[in-house]
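Visitor: In order, the protein sequence lines correspond to chains P, H and C.
Residue numbers for the first sequence follow this note's numbering, beginning at 32 and rising by one.
Residue numbers for the second sequence follow this note's numbering, beginning at 32 and rising by one.
Residue numbers for the third sequence follow this note's numbering, beginning at 32 and rising by one.
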Amino acid sequence: MDGANGADGEAFPDKFENLTRVGPGTPMGNLFRRFWLPALLASELTECDGTPVRIRILCEDLVAFRDTEGRIGIVSAYCPHKMAPLFFGRNEDCGLRCVYHGWKFDVEGKCVDIPNITPPDTYEELKEKASIKGYPAREAGGMIWVYMGPKEHTPELPGMEWLDVPSEQLHVARWLHRSNWLQAAEGEIDTSHISFLHSELDPPSDGASPTTPAPGKTPEMTGLKLARDGAPVITLHDTDYGFVYGSRRDLDDAYYWRISQWMLPMWSAIPPPIDDFVGNGRAWVPIDDSHTMAFCYRYRTDRPFKQSEVDMLDSGMLFPPRTERRPYVLPHGYKIDAYVPTASFENDYFIDREHQKTKNFTGIWGVNEQDRSLQEAMPNMPGHPPGIVDRSTEFLVKSDLPTMSARRILTRLCKQLEQGQEPTKALESTQYGVRAISMISDIEEFDDFLKEYGQMGFAEVPSGTDSET
Amino acid sequence: MDGANGADGEAFPDKFENLTRVGPGTPMGNLFRRFWLPALLASELTECDGTPVRIRILCEDLVAFRDTEGRIGIVSAYCPHKMAPLFFGRNEDCGLRCVYHGWKFDVEGKCVDIPNITPPDTYEELKEKASIKGYPAREAGGMIWVYMGPKEHTPELPGMEWLDVPSEQLHVARWLHRSNWLQAAEGEIDTSHISFLHSELDPPSDGASPTTPAPGKTPEMTGLKLARDGAPVITLHDTDYGFVYGSRRDLDDAYYWRISQWMLPMWSAIPPPIDDFVGNGRAWVPIDDSHTMAFCYRYRTDRPFKQSEVDMLDSGMLFPPRTERRPYVLPHGYKIDAYVPTASFENDYFIDREHQKTKNFTGIWGVNEQDRSLQEAMPNMPGHPPGIVDRSTEFLVKSDLPTMSARRILTRLCKQLEQGQEPTKALESTQYGVRAISMISDIEEFDDFLKEYGQMGFAEVPSGTDSET
Amino acid sequence: MDGANGADGEAFPDKFENLTRVGPGTPMGNLFRRFWLPALLASELTECDGTPVRIRILCEDLVAFRDTEGRIGIVSAYCPHKMAPLFFGRNEDCGLRCVYHGWKFDVEGKCVDIPNITPPDTYEELKEKASIKGYPAREAGGMIWVYMGPKEHTPELPGMEWLDVPSEQLHVARWLHRSNWLQAAEGEIDTSHISFLHSELDPPSDGASPTTPAPGKTPEMTGLKLARDGAPVITLHDTDYGFVYGSRRDLDDAYYWRISQWMLPMWSAIPPPIDDFVGNGRAWVPIDDSHTMAFCYRYRTDRPFKQSEVDMLDSGMLFPPRTERRPYVLPHGYKIDAYVPTASFENDYFIDREHQKTKNFTGIWGVNEQDRSLQEAMPNMPGHPPGIVDRSTEFLVKSDLPTMSARRILTRLCKQLEQGQEPTKALESTQYGVRAISMISDIEEFDDFLKEYGQMGFAEVPSGTDSET
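Below, the structure written as structure tokens:
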């Protein structure tokens, strides 16, 4: 396996195009279109008849708006008449009216007014023909979700626990990740990297550069203190929703276990602290082949977040990173409303080489900023849209089992879908009610661990120490 | 016709490439090269031996300069020797001298000095061979015009009325329009859009968002008060210079008529106020396939403009928009001297959503800014240079008769030119002395209107109310 | 010859692609890879375990670092595991450690640690396979050099005199030149342009624009006073290292001779003042097909530079230009650490048209800024990477003999290399110990000049006047 792209005796495609490209008609684009996807934050679209929000998902330019009755529309970004951008439109009287000639569309994309002509006898058919794409939208868990697939296959929302907690127990955010979705998502199911990329250094006693990951200083990152073993033993089981895997790290007198779920098509659940359950995870929604809209959630089931906890999250130290909400122009010319990270490729993520020698492994401050510094600066695959890492010479090892498994599962589902087989099992809502956990235990085998602490659902939550991968 | 790209029973090409692409050798590029085109403002090139001006027209990089004797040169942007940019050249002693090796070119592009060699016996032939493209240039109507076509087909300047009025009765300007020329020009022959895009709102009486266009507040835009009927009846007649069309809007007890001309290859004459003749119109000169140099003129025949009128024009409320004169780098690498609009795609044209709810239809301030907000943000046609709108799904209706007619006429002229038939009739100068008008009348039919008020020339100008489409 | 791309009866290839493209596997890329090339300044990499420097040479993304023992590594920019950028890595304990998963590479690119796996039995082979490209690096003459060719063909460093002078007698610098390397290098072997581009004007006596090059005002540019004859007689001899050529300019009562060397693959030695030997020259190292890293050296053999001399060099008046050291993002996405010139294409190199009329030929201040103003703004060759001048219509004359000869020699060496013939003779180190000179003399023929003042090596240095081409 080491140094090859294959795993478990099953061959991977030697091209990653099928997994990275997400436009209409692509294999992975088709698979994504079977799932409800986060599209924007509910907090961005609270006002009836308010300003539309420009988004792009799976290479489709869209606008989201909330109409007079509070309904949410996620529709094509352009009026079909002369292709004027609907963002500048008037959101009024239960529809978005193009300002060029006054054509109007409801939340479903149905054309409801063509005021620059005398209505012909065929006016109703004409409006029907002039309708634009409108995708079903739902609000849940502080996010607005969209389903962009065939109507007849519309699933339920995934039954994730945090979709039902009170809002004061939930914190959600989104931000722009400037790479293809796959290399971002792969960083999420990569437990070994937290022992390096996100580690803090021991106070250097002798002035020499410490090379060993060391305990973190922030209360929220105490899990990293336990993750000093950088070569965890990883065991992985496929599930219908994706997979669950356990990583076992040596402590002096026990094991530090982290159990995580990767959920289709691109969710990652992140283990909480060992002694205080705080659920959290991320979703990686492709904007296009070169950009990703990252979403994070964090929730408690027992009590509201304290202000100090919210402040910590808003500081950008973990997830989300520090951001500024502002428009961002994509290479093909559409401008989206984005949360653009402050620490960026342009400013080298504010790397501080002195801190890298004395404080933490990278010299970069925030955990997500550490991730992005690498994932956004990988070499581009020649001949493809920028932002897709050139994997032609990548060198995978045992610790990449989750990455290889995700590729394998996605490849299988894409192939099945091309052959007409819908991912029906993956779409069953209830199985998404899983929790990642972490624990100190002397159990040696993942299967024994599963037997002891519950099946993959982990209905009962053991204790744990909070951390972020 | 509705929802199709055809009109009048004649088929259009299903690709618009022939009409949008303008480089040397393209059908539309060839057609444009039969006409005199505005190239820059006369006010930019007043000084003999002054700074050259960088322009690009029809995908050709050019510099314009005024020589020691006051002659105007519009020549290739590069010295043929080693391709050094002539913009940095020395404009001196009746020629532009490249600063690399001192080669010198006159206003016709003729090489007149090669000082870095000992003149050989063949010096005169050598200089002849080293000459660069130089296009005939003329100054008229406050603009500098260029003719880029075959010498033997050089026409007269179009006989537009404003080319002969005293300078204090004329106001001209130019600015950068960041889209293909065709979608810009099409917005000019689209009378129905003024009832929407450029309309002001009634003062909202009850706090609700008004959806009906309403009277304007500015003196210059009173024509829009009359254009509340958004579904005008349009009648169009082909002419040798292009077409003339009348649009009839219902008033309570009469009709509001607007008569406009579209003149080859891309001029639009705009109706003046109903009771005060102020001629005005625009030209859309392609820079390349992605950018357009827009020119506007405005003139009176009776008196100089008052300072308040000039101030209003310079404010950017109508045409031209607010601009800053500065260099602008085009994607292929040539830098042009442009009037770059202040309200732009980057700043969402300063849209004010509160104003959109209470003041005018768009929330955008200037009339041209309203146009550009839509035309510069249309979706690009994949696989083509950016800035060309993707028309593959456009949905034309009756009100688009002028747009469809312009495409039809241009397509015909392009085809004829490809078959060797010059657009001789279109180039007859005298027919361009037409005026657009507007009028309140109870005449119902355009042909009756034409009989009553003159043939297409409209030598006698009826009263009208000023407006801008 | 005039007006053609051929010279001396020998045909040139009608495409310049072979000489301009430098990526791996291209003919010119292969030839460049036979020579030691300057990669960065030694002053940028003084600190052991300091910050890596991002460079790109011949289309390869690289990082340079100095390890704990002071050794220099120039290695691939990406970790082979998941392609994370090594720039963010930890430079510690004799290697550069990727911060993603802690993989570590020594100065030769050898992988020496894979800490995120339990070492397998095959650990040594695994690390061997996980090694990255590492190129031999040397420090000499204030520069760090790299050899990117086949190990078995590694030559000695070129035996240039300045590589051995004490550091206080040497001044070196580098900067970003934003064009293909060839048009930059060609400007260096073009003696006639100094009579124009770099000339100063006579004080205008009558207010008219002077058109004749005139004496310079700065002490360092007095050579230009002598170079008023813009049509020098040029004689050129091929050598194994490239060529030597003499240019003879008429003075009233004698000749002004400038003897220069062009040394493979892209060095130019520049004549010193006639009465004070100061060696100087430049190298043009391709970053990619669109960008060049220019290096300049200047040295004395007799004494340290005075502070006033260093100040003059640091002022940017000659070489290097004024620069700011900062990251620069290349079009393909890699960010390099560059010395970015302050006077640039964006600001028209601070051209001052009043100065152009009264002070110097260009109105641009610095000598290199004058060069770049032309070379960076030449028209791009369609269908190729930007920055490569379109030579399809260039019009060469007698004064371009050195340019034509360099193309001819490079073409020959590229062809020979493709046929398996290494440029062995060109790589002999000792022949690079040549000096350019300038002199006032009544000798008429270059061959007589060579007989009188030494063979091509010019071991004894006659007097001369300093100048910069």
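Cβ coordinates follow ideal geometry from the N, Cα and C atoms, glycine included.
Between H/Pro151, H/Tyr330 and H/Ser162, which lies nearest to H/Leu194 when the distance is taken from Cα to Cα?
Guide: Minimum Cα distance to H/Leu194 is reached at H/Tyr330.
Visitor: Using the Cα positions of P/Leu257 and C/Val130, report the straight-line distance between them to the nearest angstrom.
Guide: The alpha-carbon atoms of P/Leu257 and C/Val130 are separated by roughly 18 Å.
Visitor: Pull up the distance between the alpha-carbon of C/Tyr109 and that of P/Met435, whole angstroms please.
Guide: Roughly 20 Å between the two C-alpha positions.
Visitor: Check whether the Cβ atoms of P/Met398 and P/Phe350 lie closer than 9 Å to each other.
Guide: Going by the sequence as given, residue 398 of chain P is Val instead of Met. Yes. Within cutoff.
Visitor: If you draw a straight line from the C-alpha of P/Ile440 to the C-alpha of P/Glu476, how long is it?
Guide: If you take the alpha carbons of P/Ile440 and P/Glu476, they lie about 24 Å apart.
Visitor: Mind reading off the beta-carbon distance from C/Tyr501 to C/Ile105? Whole number of angstroms is fine, and I expect it under 8 Å.
Guide: Residue 501 of chain C cannot be examined here, being either before or after the span of chain C that is shown, 32 to 500.
Visitor: For C/Tyr178, collect the residues of the same chain with a Cβ closer than 7 Å to its Cβ; drop the 5 residues on either side in sequence, then sort them by chain order.
Guide: Trp67, Tyr166, Pro167 and Thr185.
Visitor: Where in the region 148 to 216 of chain H do unbroken runs of the beta strand (DSSP E), each at least 3 residues long, occur, reported from the N-terminal end onward?
Guide: Fully enclosed beta strand (DSSP E) runs of 3 or longer: 168 to 171, 174 to 178 and 201 to 208.
Visitor: Using the beta-carbon count (16 or more within 10 Å), is C/Glu449 buried or exposed?
Guide: Counting Cβ neighbours within 10 Å, C/Glu449 comes out exposed, since fewer than 16 surround it.
Visitor: Find the residues of chain C that neighbour H/Asn147, judging by a C-beta separation of less than 8 Å, and give them in chain order.
Guide: Simply Ser223, His224, Ser226, Phe227, Gly261, Ala262, Val428 and Ser430.
Visitor: For H/Ser339, does the three-state DSSP call read helix, strand or coil?
Guide: In the structure shown, H/Ser339 sits in a helix (DSSP, three-state: H, G or I).
Visitor: From C/Ser74, C/Gly101, C/His386 and C/Thr270, pick the residue whose C-alpha is nearest to that of C/Glu231; which is it?
Guide: Of the listed residues, the one whose Cα sits closest to C/Glu231 is C/His386.
Visitor: Determine the burial state of P/Arg334: buried for a count of at least 16 other Cβ atoms within 10 Å of its Cβ, exposed for fewer.
Guide: So P/Arg334 ends up on the exposed side.
Visitor: List the DSSP bridge partners of P/Arg422.
Guide: Answer by DSSP bridge pairing: none, since P/Arg422 is not bridged.
Visitor: Closer than 6 Å by C-beta to P/Glu400: which residues in its own chain qualify, once you throw out the five before and the five after it? Chain order, please.
Guide: Closer than 6 Å at the Cβ level, and outside the excluded window around P/Glu400, lie Pro352, Ala374 and Tyr380.
Visitor: Using the Cβ count rule (16 or more neighbours within 10 Å means buried), how would you classify H/Asp233?
Guide: Result: exposed.
Visitor: So, using beta-carbon positions, are H/Asp320 and H/Asn211 closer together than 9 Å?
Guide: Closer than 9 Å, so yes.
Visitor: Residues of the region 335 to 360 of chain H with a CB closer than 9 Å to any CB of chain C: list them in chain order, please.
Guide: Of all residues in the region 335 to 360 of chain H, Pro358 and Val360 have a Cβ within less than 9 Å of some Cβ in chain C.
Visitor: Which residues mark the beginning and the end of the beta strand (DSSP E) in which H/Ala258 is found?
Guide: That residue, H/Ala258, is in no beta strand (DSSP E); it is neither H nor E in DSSP.
Visitor: Residues bridged to C/Tyr380 by DSSP?
Guide: None; C/Tyr380 has no bridge partner.
Visitor: Can you list, in chain order, the residues of the region 381 to 403 of chain P whose Cβ is nearer than 7 Å to any Cβ on chain C?
Guide: For the region 381 to 403 of chain P, which is checked against every Cβ of chain C, the residues closer than 7 Å are Ile382, Arg384, Gln387, Phe392 and Thr393.
Visitor: Between C/Leu201 and P/Ile395, what straight-line distance do the alpha-carbon atoms span, to the nearest angstrom?
Guide: Answer to the nearest angstrom: the Cα atoms are 38 Å apart.
Visitor: Quick one: which unbroken beta strand (DSSP E) runs of 3-plus residues sit fully inside the region 292 to 365 of chain C? Chain order, please.
Guide: DSSP runs (the beta strand (DSSP E)) wholly in the region 292 to 365 of chain C: 298 to 301, 310 to 317, 323 to 330 and 354 to 360.
Visitor: Using the DSSP secondary-structure output, state which residues sit across from C/Arg128 in a beta bridge.
Guide: Note: C/Arg128 sits in a beta bridge opposite C/Arg121 and C/Lys135.
Visitor: How about the region 286 to 302 of chain C and the region 59 to 74 of chain C: do they share at least three Cβ pairs that are nearer than 8 Å?
Guide: They touch, by the three-pair rule.
Visitor: Under three-state DSSP, which class holds P/Thr266?
Guide: Three-state result, P/Thr266: strand.
Visitor: Thinking C-alpha only, which one of H/Phe326, H/Phe480, H/Val309 and H/Arg87 is nearest H/Arg205?
Guide: Comparing Cα-Cα distances from H/Arg205 to each of H/Phe326, H/Phe480, H/Val309 and H/Arg87, the minimum goes to H/Phe326.
Visitor: Any C-beta of chain H within less than 7 Å: which residues of the region 98 to 114 of chain P qualify?
Guide: Flagged, chain order: Tyr109, Pro111, His112, Lys113 and Met114.
Visitor: So P/Pro4 and P/Ile471 are in contact, right, with Cβ under 8 Å, and what is the actual spacing, rounded?
Guide: Nothing in the structure corresponds to residue 4 of chain P, since chain P is present only between 32 and 500.
Visitor: Between P/Arg438 and chain A, is the shortest Cβ-Cβ distance under 9 Å, so that the two count as touching?
Guide: Among the chains of the structure shown, chain A does not appear; the protein chains present are P, H and C.
Visitor: Pop quiz: P/Phe426 and C/Ala161 are said to be a contact at Cβ under 8 Å. What is the actual Cβ separation, rounded to whole angstroms?
Guide: Between C/Ala161 and P/Phe426 the Cβ distance is about 5 Å, and since that is below 8 Å, they are a contact.
Visitor: Give me the chain C residues within the contact set of H/Phe119, using Cβ-Cβ distance strictly less than 7 Å, ordered along the chain.
Guide: Near H/Phe119 (Cβ distances below 7 Å), the residues of chain C are Ile382, Thr393, Ser404 and Leu405.
Visitor: Give, in chain order, every residue of the region 70 to 97 of chain H whose Cβ lies closer than 9 Å to some Cβ of chain C.
Guide: Within the region 70 to 97 of chain H, the residues whose Cβ lies closer than 9 Å to some Cβ of chain C are Asp80, Gly81, Thr82 and Asp92, listed in chain order.
Visitor: At 3 residues or longer, what runs of the beta strand (DSSP E) sit wholly inside the region 384 to 447 of chain C?
Guide: Runs of the beta strand (DSSP E) inside the region 384 to 447 of chain C: none found.
Visitor: For a contact defined as C-beta to C-beta under 8 Å, what are the partners of C/Tyr131 on chain P?
Guide: Correct list: His224, Phe227, Leu228 and Leu405.
Visitor: For H/Val360, count neighbouring C-beta atoms within 10 Å of its own C-beta (all shown protein chains included) and say buried if the count is 16 or more, exposed if not.
Guide: Result: exposed.
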